[in-house]
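Numbering (our numbering), first residue to last: 4 to 170.
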């Protein structure tokens with residue numbers, strides 16, 4: 004019974020659960036999809052993700068909900084840990100007192116920290132999606148062969164470049 008299912012849904016998630024269910028019940032051919040927490044008999048909180056559809060009587064009256072429930076608790080834990088680590092890494096990247104950049108295989112800037120943008124004398128956005136030689140033509144002959152070697156060999160290397168930038 005719906006009341007039995009709803010009784011285990013975490014109180015903070017009941018409105019979302021009920022909204023998804025009511026939408027599927029009220030709208031013919033509308034899919035049911037919901038993600039919510041439940042409290043098990045032992046008190047443990049688990050996350051469920053559900054998909055389904057409402058089967059109807061010939062007159063359109065909802066007869067039953069057919070679908071699947073998947074326990075996604077572990078996936079949510081891993082996603083939360085990854086998001087936390089990514090936020091830490093982004094914070095370190097931005098706060099680093101040295102210039103850092105991430106390049107794609109075509110040697111285009113994909114990410115630039117504020118320190119490197121300051122060294123180059125250009126805003127971060129002026130770098131993104133552009134090759135080093137397009138952003139800093141005076142450094143092209145020094146930098147591009149070194150970056151090509153790193154990309155070719157797949158090994159990190161220390162790069163020291165000297166020259167002029169707009170800064």
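C-beta: ideal position from N, C-alpha, C; glycine also.
In this structure, the alpha-carbon of residue 120 lies about 20 Å from that of residue 149. In the DSSP annotation of this structure, the continuous segment of the beta strand (DSSP E) that includes residue 104 starts and ends at 104-106.
Looking at the backbone, the Cα of residue 133 and that of residue 111 are separated by about 5 Å. Collapsing the DSSP output to three states places residue 162 in coil. In the assembly as shown, residue 41 is a buried residue. Its beta-carbon has 16 or more other beta-carbons within 10 Å.
Here the C-alpha atom of residue 79 lies approximately 46 Å from the C-alpha atom of residue 169.
Distances from the alpha-carbon of residue 69 to those of 46, 108, 109, 57 put 57 closest. Every unbroken stretch of the beta strand (DSSP E) spanning 3 or more residues and falling wholly within the segment 11-45 is given here in chain order: 34-42. Here the segment 99-117 makes contact with the segment 134-143; the two share three or more CB pairs at distances below 8 Å.
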